[in-house]
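To start, the structure under review is shown below, and the notes come after it.
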Amino acid sequence: MSFLFNKYNHFNLANIVTFFNIASGIFAIYFLTHQEFFAAALFAWLAGGFDIIDGKIARKYELSTEFGIQLDSYADFLSFVIVPTMFIYFAVIDTKELMLYTPLIVFAFIYYVISGLRRLIQFNINAEEGEVAKHFVGIPTPLGAILLWLVYLIYLTGFIHENVVLGLMIVIGYLLNSKIKIPHL
């Protein structure tokens, strides 16, 4: 079992937890495509829990490597960029495309995905093994996912229209790469 604490083993404990994040994201996508939004939300939140735990494990046991940094960003892209956009699509937009302004739908989704991907790539370029910055520049993708979740919850109240959801998705996408400083907890 020493491989779990071997920094250079791709299947060390921190990376295994990151793989659980990825698996949770895949399960969330499965449930989204089957219109099971509660189950999808549970797996999305579970992915968030694994994302918190993997970093803590990597720092505590000095398991941070370039591989782990890259793996974590791929997991974040799946769980905190792709899953939330699919959640908004399947839970809010699906079957309403003809009633809404199609170019806005296309722009909002593509913009959010590219913004999330750009943010994660820039984070990896700036990241150093074992180092944790005091703050994030721009909102991190897990926070972007939480904000999209809150937008969805507000939408459920009937207080906002689908077009407002799309507009807020664009705003959150912008915030991912803004100069706003968010303390790293």
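Anchor point for the sequence shown: position 11 equals 11 in the UniProt record's numbering, and the numbering is continuous, going up by one each time. Even glycine gets a Cβ: it sits at the ideal position worked out from N, Cα and C.
Subject >> Endpoints, the beta strand (DSSP E) within which residue 134 is located >> reply: Within the sequence shown, residue 134 is the residue found at index 134, counting from 1. No beta strand (DSSP E) contains residue 134, which DSSP labels as neither H nor E.
**Study point:** alpha helix (DSSP H) segment containing residue 142, residue limits
**Key:** On the sequence shown, position 142 is the one that residue 142 refers to. From DSSP, the alpha helix (DSSP H) with residue 142 extends over 141 to 156.
For the alpha helix (DSSP H) containing residue 181, name the first residue and the last one. On the sequence shown, residue 181 is found 181 positions in, with the first residue counted as 1. Segment 181 to 183 is the beta strand (DSSP E) holding residue 181; no alpha helix (DSSP H) there.
*Assuming residue 17 contacts residue 50 under a Cβ cut-off of 8 angstroms, what Cβ separation, rounded to an integer in Å, is found between them?*
Position 17 of the sequence shown, counted from the first residue, corresponds to residue 17. Position 50 of the sequence shown, counted from the first residue, corresponds to residue 50. Between residue 17 and residue 50 a beta carbon distance of about 5 angstroms is seen, short of the 8 angstroms cut, so the two are scored as contacting.
Coil, strand or helix - residue 127 by DSSP
Sequence index remark: in the sequence shown, residue 127 carries index 127 (1-based). In this structure, residue 127 counts as coil in the three-state DSSP scheme.
For residue 61, three-class secondary structure by DSSP | Translated into the one-based positions of the sequence shown, residue 61 becomes position 61. Residue 61 falls in the coil class under three-state DSSP.
State the Cα-Cα distance for the pair residue 122 and residue 81, rounded to the nearest angstrom. Within the sequence shown, residue 122 is the residue found at index 122, counting from 1. Within the sequence shown, residue 81 is the residue found at index 81, counting from 1. If I take the Cα positions, the gap works out to 15 angstroms.
* When you compare only the Cα positions, how much space is there between residue 119 and residue 71? -> Within the sequence shown, residue 119 is the residue found at index 119, counting from 1. Within the sequence shown, residue 71 is the residue found at index 71, counting from 1. Cα-Cα distance, rounded: 15 angstroms.
- Message: I'd like the list of long-range same chain contacts for residue 4, defined as Cβ closer than 7 angstroms, with 5 residues on each side in sequence excluded.
- Response: Taking the first residue of the sequence shown as 1, we reach residue 4 at position 4. Closer than 7 angstroms at Cβ, skipping near neighbours: 12, 13.
Taking only three categories from DSSP, how would you classify residue 86? By 1-based counting over the sequence shown, the position of residue 86 is 86. Looking at residue 86 - three-state DSSP - the assignment turns out to be helix.
* **Start-to-end residues for the alpha helix (DSSP H) that takes in residue 66** => The residue you call residue 66 lines up with position 66 of the sequence shown. Element bounds for residue 66: 66 to 77.
Quiz item: Hey, is the segment 140 to 148 in contact with the segment 158 to 178, meaning 3+ C-beta pairs nearer than 8 angstroms?
Solution: yes
**Continuous alpha helix (DSSP H) stretch holding residue 165: start and end** = Position 165 of the sequence shown, counted from the first residue, corresponds to residue 165. Residues 162 to 176.
- Task: Look at the alpha carbon of residue 107 and the alpha carbon of residue 56, and state the distance between them as a whole number of angstroms.
- Result: Working through the sequence shown from its first residue, we reach residue 107 at position 107. Working through the sequence shown from its first residue, we reach residue 56 at position 56. Cα-Cα distance, rounded: 36 angstroms.
contact_flag[the segment 57 to 64, the segment 75 to 90] where n(CB pairs < 8 angstroms) is 3 or more: no
If you measure between the beta carbons of residue 40 and residue 23, is that distance less than 8 angstroms?
Along the sequence shown, one-based indexing puts residue 40 at 40. Along the sequence shown, one-based indexing puts residue 23 at 23. No, the Cβ-Cβ distance between residue 40 and residue 23 is not below 8 angstroms.
Problem set entry | residue 58 versus 103, 105, 84, 10, residue with shortest Cα-Cα distance | Translated into positions along the sequence shown, residue 58 becomes position 58. When only C-alpha atoms are compared, the closest one is 10.
Using the three-state DSSP reduction, which class does residue 94 fall into: helix, strand or coil? Along the sequence shown, one-based indexing puts residue 94 at 94. In the structure shown, the three-state DSSP call for residue 94 is coil.
_Alpha-carbon spacing of residue 97 relative to residue 154, whole angstroms_ = The residue labelled residue 97 in the question sits at position 97 within the sequence shown. The residue labelled residue 154 in the question sits at position 154 within the sequence shown. C-alpha separation (whole angstroms): 20 angstroms.
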